[in-house]
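To convert, count from 1 in the sequence shown and add 19; that's the working numbering.
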Amino acid sequence: MKDIAANSKIYSSTWLKHFGNGLLENKFNFIDNISFVKNKFLPIFINVGKNLSLGISYSKPLNGPVETAKKLKNGVILIYHVPTYYSPDFLDYNNAIGLHKIYDSTGYLIDFKSFDNLDSYLTATLSQSRIKKIQRNKRLLESRHDISYKWYYGEISETEYEKVFESFRKLLEKRYDDKQEYNRHLNDHIWNFYHELFFPLINTKNASFYIIYNGSEPISICFNYNTPDSIKGAISVFDIDFAKYEIGNMYLTNQFEICFENNIRIFDLGLGNYGYKNRWSTDTYTLDHHVFYNKNSIISRTLAKGMQKYFQTKLKLKKKGVKNIFVKNQNVQIE
Numbered sequence: 020m021k022d023i024a025a026n027s028k029i030y031s032s033t034w035l036k037h038f039g040n041g042l043l044e045n046k047f048n049f050i051d052n053i054s055f056v057k058n059k060f061l062p063i064f065i066n067v068g069k070n071l072s073l074g075i076s077y078s079k080p081l082n083g084p085v086e087t088a089k090k091l092k093n094g095v096i097l098i099y100h101v102p103t104y105y106s107p108d109f110l111d112y113n114n115a116i117g118l119h120k121i122y123d124s125t126g127y128l129i130d131f132k133s134f135d136n137l138d139s140y141l142t143a144t145l146s147q148s149r150i151k152k153i154q155r156n157k158r159l160l161e162s163r164h165d166i167s168y169k170w171y172y173g174e175i176s177e178t179e180y181e182k183v184f185e186s187f188r189k190l191l192e193k194r195y196d197d198k199q200e201y202n203r204h205l206n207d208h209i210w211n212f213y214h215e216l217f218f219p220l221i222n223t224k225n226a227s228f229y230i231i232y233n234g235s236e237p238i239s240i241c242f243n244y245n246t247p248d249s250i251k252g253a254i255s256v257f258d259i260d261f262a263k264y265e266i267g268n269m270y271l272t273n274q275f276e277i278c279f280e281n282n283i284r285i286f287d288l289g290l291g292n293y294g295y296k297n298r299w300s301t302d303t304y305t306l307d308h309h310v311f312y313n314k315n316s317i318i319s320r321t322l323a324k325g326m327q328k329y330f331q332t333k334l335k336l337k338k339k340g341v342k343n344i345f346v347k348n349q350n351v352q353i354e
């Protein structure tokens with residue numbers, strides 16, 4: 020599951036174009052499959068994508084710990100949001116380099132390995148009354164409207180992509196205007212990044228759109244990151260005019276069917292302790308920030324400890340309901 024979009028050249032080059040601000044891309048030969056940008060003022064190297072990717076992996080080092088410590092000098096390396104199912108084992112570093120794993124949040128996923136088909140999964144997961152309700156809502160929607168379904172994976176024309184993307188923004192704006200909530204994805208800077216990123220990712224099978232249409236108009240759009248054996252739900256939205264049909268259940272179960280048809284084992288529901296995620300998931304995982312530091316440098320050790328305290332304090336404040344005043348900028352800035 021390590022062939023993920025956030026580690027691709029497409030992702031890193033597009034992110035650097037939109038958010039790099041002229042910063043150079045740095046690589047360390049002791050960490051594979053990931054690159055970094057340096058803080059302008061401190062010797063802190065942060066993964067390309069920063070905290071926007073919400074899921075990144077890296078590989079064990081190719082060289083020894085002595086070279087690692089020398090290369091890092093007084094600096095530290097921060098890798099945002101490493102899921103526990105991607106996390107490599109660095110216990111063989113012989114005390115040359117330290118690693119803080121700092122808890123950030125809990126994610127939910129479905130592992131289909133124990134199920135033969137969608138029906139067996141639904142029967143094991145949901146009550147019969149809920150299954151019947153999902154099926155009834157789907158029949159009602161299809162009988163009252165001109166409903167069709169489309170999975171764009173591996174191929175989408177530029178013309179169709181532009182139509183979908185325009186509808187995507189309209190549906191998100193409509194949804195969050197109704198909720199009177201801020202949505203980070205609608206930040207123009209981030210949205211322009213997505214606009215350039217999603218098209219090549221879909222056509223290289225690193226991402227997909229799943230869409231429910233009413234006639235020619237999308238009423239639900241899901242953007243997912245893909246690997247050959249996993250789907251990670253990234254952004255999803257539905258037309259609130261169709262809320263009575265519980266479209267969310269429909270686009271999930273339809274995509275679960277796609278998983279069984281294509282031997283996709285994992286569906287990652289993402290973060291957040293929402294009721295539906297508890298209901299659908301078979302497993303949980305954590306997203307951790309990984310901070311590497313040179314044990315032989317007091318500056319490096321101090322920076323790493325300070326970053327650890329910062330993230331831990333931020334999490335405590337979040338749990339107490341203290342709003343992050345930087346929420347509108349946290350996805351584009353080094354925290």
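Every residue, glycine too, gets a C-beta built ideally from N, C-alpha and C.
{"Asked": "For HIS204, the three-state DSSP class (helix, strand or coil)", "Found": "helix"}
{"Asked": "Rounded straight-line distance, which links the Cα of ILE153 to that of SER146", "Found": "11 angstroms"}
{"Asked": "Range of the contiguous alpha helix (DSSP H) that encloses ILE175", "Found": "Careful: ILE175 lies outside any alpha helix (DSSP H) and carries neither H nor E."}
{"Asked": "Coil, strand or helix - HIS164 by DSSP", "Found": "coil"}
{"Asked": "Exposed unless 16 or more other CB atoms sit within 10 angstroms - verdict on HIS208", "Found": "exposed"}
{"Asked": "Segment contact, 8 angstroms Cβ cut-off, at least three pairs: the stretch 59-67 with the stretch 88-96", "Found": "yes"}
{"Asked": "Counted within 10 angstroms of its Cβ, other Cβ atoms place ILE344 as buried (16 or more) or exposed", "Found": "Legend: pLDDT at ILE344 = 46, less than 50; position of this residue unreliable, value from coordinates given subsequently. Exposed, by the Cβ-count rule."}
{"Asked": "Assigned secondary structure, PHE212 (DSSP; H/G/I helix, E/B strand, else coil)", "Found": "helix"}
{"Asked": "C-alpha distance - ARG155 paired with TYR264, whole-angstrom precision", "Found": "9 angstroms"}
{"Asked": "Supposed contact pair PHE275 and LEU128 - C-beta distance, whole angstroms, cut 8 angstroms", "Found": "Actually they do not touch by this definition, with Cβ atoms about 12 angstroms apart."}
{"Asked": "Assumed close pair HIS309, LYS57 - CB separation to whole angstroms, cut-off 8 angstroms", "Found": "The Cβ separation is near 17 angstroms, so there is no contact."}
{"Asked": "Interface flag, THR301 vs chain C, CB-CB below 8 angstroms", "Found": "Absent from the structure is chain C; it holds one protein chain and no more."}
{"Asked": "Three or more C-beta pairs below 8 angstroms linking the stretch 239-247 and the stretch 219-230", "Found": "yes"}
{"Asked": "For CYS357: DSSP bridge partner residues", "Found": "Here the chain has residues from 20 to 354 only, and residue 357 is not among them."}
{"Asked": "Under the three-state DSSP convention, the category PRO219 falls into", "Found": "helix"}
{"Asked": "Contact under 8 angstroms by Cβ, LEU322 with TYR329", "Found": "no"}
{"Asked": "Distance between LEU205 and GLU192 (C-alpha atoms, nearest Å)", "Found": "8 angstroms"}
{"Asked": "ILE116 and SER76 closer than 8 angstroms at C-beta", "Found": "no"}
{"Asked": "Nearest-angstrom beta carbon gap, ILE175 and PHE212 [assumed within contact, 8 angstroms]", "Found": "The Cβ separation is near 18 angstroms, so there is no contact."}
{"Asked": "SER124 in three-state terms, based on DSSP", "Found": "strand"}
{"Asked": "Under 8 angstroms between C-beta atoms of ARG320 and PHE131", "Found": "no"}
{"Asked": "Between the CA atoms of SER316 and ILE150 - distance to the nearest angstrom", "Found": "58 angstroms"}
{"Asked": "Short Cβ contact (8 angstroms threshold) for VAL183 with ILE240", "Found": "yes"}
{"Asked": "Cβ distance (whole Å) where PHE55 is taken to contact ILE29 below 8 angstroms", "Found": "Contact flag wrong, Cβ pair sits at about 17 angstroms."}
{"Asked": "Burial state of SER249, where buried means 16 or more other Cβ atoms lie within 10 Å", "Found": "buried"}
{"Asked": "Limits of the unbroken alpha helix (DSSP H) element including LYS296", "Found": "294-299"}
{"Asked": "Under 8 angstroms between C-beta atoms of THR305 and TYR122", "Found": "yes"}
{"Asked": "Contacting residues, own chain, Cβ-Cβ under 7 angstroms from ASP260 (five flanking each side not counted)", "Found": "none"}
{"Asked": "Per-residue DSSP class, three states only, for THR246", "Found": "strand"}
{"Asked": "Reduced DSSP category for VAL183 - H, G, I as helix; E, B as strand; rest coil", "Found": "helix"}
{"Asked": "Exposed unless 16 or more other CB atoms sit within 10 angstroms - verdict on GLU141", "Found": "The identity of residue 141 in the sequence shown is Leu, whereas the question assumes Glu. Its Cβ being crowded by 16 or more others within 10 Å, LEU141 is buried."}
{"Asked": "Where LYS335 falls, given that 16 or more other Cβ within 10 Å makes a residue buried", "Found": "exposed"}
{"Asked": "According to DSSP, residues forming a beta bridge with TYR312", "Found": "VAL95 and GLY117"}
{"Asked": "Where the beta strand (DSSP E) containing ASN66 begins and where it ends", "Found": "63-66"}
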